[in-house]
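Be aware that the sequence shown starts at 1, since it is given in the UniProt record's numbering, and climbs by one per residue. Think of the CB as a built atom: it goes at the ideal place given N, C-alpha and C, for glycine as much as any other residue.
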Amino acid sequence: MDLTRIRLEYVVTWPNHAGLFVARKKGWYQQADLDVDISWDGFDRGTPAQLAAKGEFQFASIRLGELLETRHSDHPFVAVATFNQNQLGGVITLKEKGISRFRDLEGKTVSIPPVKRLIQMVIEAVEKDGGDFSKVKVMDPGVFEPDIRAVEKGKYDAIFNVLGWEAYQGSKPFSEVVQLSFDEVEVTPHHAYFLCVEESYLRSHEDQVRAFLAATSRGYDFARDNQAETVDILASTMCASEEDVLEASLKFMAPSWHAPSRRWGEMDAEIVRSYTTWMSEHGFTTASLADVEGAYTNDYLPEK
């Protein structure tokens with residue numbers, strides 16, 4: 001079997017990666033003659049794209065901005081699927097904080113990572129909802145990424161982080177958690193993460209890429225439709241999480257894998273182009289709309 005390695009985008013694995021682990025556990029990668037190694041870590045040695053460019057990985061989970069910027073490098077990448085057809089970032093809080101929509105952040109202390117792109121998203125969401133962002137008390141969490149526990153402790157009134165995961169890490173009942181998605185106010189709709197390969201690898205290993213995507217798609221279909229068994233499969237890898245956390249997170253994530261296209265992995269041209277334009281206009285990427293051409297393809301996904 002061919003050793004096929006994928007580097008994930010996050011420092012820990014979480015239920016958004018469920019389809020990968022299901023496909024491996026069920027033997028679907030093995031049936032495709034693929035020995036799949038799933039890896040995650042920090043970025044001290046490089047980003048997933050940088051490590052894949054060095055030949056350490058065949059697949060890498062990459063955000064759109066970095067993907068497009070590789071198109072001008074010696075190692076251009078191509079997205080062959082998206083993990084999520086909508087965005088996962090948002091604002092997380094508790095009902096007791098009196099925040100039920102973005103404009104309610106006025107007068108509140110909100111943790112937002114020191115990334116201009118993320119701050120701009122909150123600015124647009126608050127103002128589009130009729131609020132005044134200048135009245136929001138923004139706190140810089142530094143290198144840390146606070147989850148709902150920081151709200152429970154009173155450090156912040158709300159946090160910017162990944163919906164459906166950091167929201168469930170606390171001690172309060174999940175019913176007390178409030179999650180505000182930017183999609184609710186139509187701010188920066190985009191695909192959350194892209195499954196990418198180096199262009200040269202794609203040209204020389206088309207059959208392997210198709211086989212990997214077919215097995216992975218099957219894994220995500222199963223994870224969506226069989227969530228109880230999927231939690232059991234994830235348990236050995238994600239044993240540091242409580243079972244109810246995995247259940248809640250999986251239930252939250254699953255719709256984003258297939259909707260609205262009804263096929264896992266499918267990328268939407270208009271969403272890719274509009275988010276690229278937004279990032280470029282605000283100076284959050286050196287890429288331009290012209291770089292979208294050739295940067296992604298749905299051609300290697302299994303048919304619906």
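Looking at chain C, is there any beta carbon in it that lies within less than 9 Å of the beta carbon of residue i?
{"i": "Leu202", "result": "Note that chain C does not occur in the displayed structure, where there is just one protein chain."}
Measure how close the beta-carbons of residue i and residue j come, nearest whole angstrom, since I'm counting them as under 8 Å.
{"i": "Phe102", "j": "Ala125", "result": "4 Å"}
{"i": "Glu66", "j": "Thr47", "result": "7 Å"}
{"i": "Ala60", "j": "Cys196", "result": "5 Å"}
{"i": "Leu8", "j": "Ile92", "result": "Actually they do not touch by this definition, with Cβ atoms about 22 Å apart."}
{"i": "Leu20", "j": "Gly219", "result": "6 Å"}
{"i": "Leu105", "j": "Gly89", "result": "With 8 Å as the limit, Leu105 and Gly89 do not qualify as a contact, their Cβ atoms being about 15 Å apart."}
{"i": "Phe160", "j": "Ile112", "result": "5 Å"}
{"i": "His191", "j": "Asn298", "result": "That pair is no contact at about 12 Å."}
Per DSSP, residue i is paired with what?
{"i": "Cys196", "result": "Ala60 and Ala79"}
{"i": "Tyr296", "result": "Ala79"}
{"i": "Gln120", "result": "None, per the DSSP bridge assignment."}
{"i": "Ile112", "result": "Paired residues: none, contrary to the question."}
{"i": "Asn161", "result": "Gly90"}
{"i": "Val136", "result": "DSSP output for Val136 lists no bridge partner at all."}
{"i": "Thr47", "result": "Thr47 is not bridged to any residue."}
{"i": "Arg7", "result": "Ser39 and Ala60"}
{"i": "Ala181", "result": "Per the sequence shown, residue 181 should be read as Ser rather than Ala. Answer is Gly90, bridged to Ser181."}
{"i": "Asp2", "result": "Leu34"}
Beta-carbon within less than 7 Å of residue i's beta-carbon, same chain only, minus the 5 sequence neighbours each way: which residues are those?
{"i": "Thr109", "result": "Lys137, Met139, Tyr156 and Asp157"}
{"i": "Thr70", "result": "Ala49, Pro76 and Phe77"}
{"i": "Leu246", "result": "Pro15, Val231, Leu234 and Met238"}
{"i": "Lys116", "result": "Phe284"}
For the ligand SAH, I want to know if residue i counts as a neighbour, meaning its beta carbon is within less than 8 Å of at least one of the ligand's heavy atoms.
{"i": "Tyr168", "result": "Absence of the ligand SAH from the depicted structure is noted, as is the absence of any ligand whatsoever, leaving it without description."}
To the nearest angstrom, report how far apart residue i and residue j are at their CA atoms.
{"i": "Ala150", "j": "Gln179", "result": "15 Å"}
{"i": "Lys251", "j": "Lys26", "result": "20 Å"}
{"i": "Tyr296", "j": "Lys153", "result": "43 Å"}
{"i": "Tyr193", "j": "Ser175", "result": "27 Å"}
{"i": "residue 349", "j": "Ala269", "result": "Nothing about residue 349 can be reported from this structure: the residues present for the chain run from 1 to 304 only."}
{"i": "residue 316", "j": "Glu243", "result": "Not covered by the structure: residue 316. The range shown for the chain is 1 to 304."}
{"i": "Pro173", "j": "Ile148", "result": "11 Å"}
{"i": "Lys304", "j": "Trp14", "result": "26 Å"}
{"i": "Val36", "j": "Ala214", "result": "13 Å"}
{"i": "Val209", "j": "Trp28", "result": "14 Å"}
{"i": "Gln87", "j": "Ser204", "result": "32 Å"}
{"i": "Met267", "j": "Ala228", "result": "28 Å"}
{"i": "Gln58", "j": "Asp2", "result": "11 Å"}
{"i": "Leu64", "j": "Thr276", "result": "8 Å"}
{"i": "Asp291", "j": "Leu68", "result": "6 Å"}
{"i": "Ala52", "j": "Tyr168", "result": "32 Å"}
{"i": "Ile123", "j": "Pro189", "result": "15 Å"}
Let me know if residue i comes out buried or exposed under the rule of 16 or more other beta-carbons within 10 Å of its beta-carbon.
{"i": "Thr4", "result": "buried"}
{"i": "Met253", "result": "buried"}
{"i": "Glu206", "result": "exposed"}
{"i": "Pro260", "result": "exposed"}
{"i": "Ser241", "result": "buried"}
{"i": "Val272", "result": "buried"}
{"i": "Gly265", "result": "buried"}
{"i": "Val12", "result": "exposed"}
{"i": "Glu166", "result": "buried"}
{"i": "Glu186", "result": "exposed"}
{"i": "Phe212", "result": "buried"}
With a CB to CB cut of under 8 Å and the five nearest residues on each side skipped, what residues in its chain are close to residue i?
{"i": "Lys54", "result": "Gly46"}
{"i": "Gly170", "result": "Asp147, Ile148, Arg149, Val151, Glu152 and Val177"}
{"i": "residue 323", "result": "Shown here, the chain extends from 1 to 304; a query on residue 323 therefore has no answer."}
{"i": "Ser39", "result": "Arg5, Ile6, Arg7, Leu8 and Phe57"}
Leaving aside the five residues before and after residue i along the sequence, list all residues of the same chain whose C-beta is less than 6 Å from its C-beta, in chain order.
{"i": "Phe222", "result": "Val22"}
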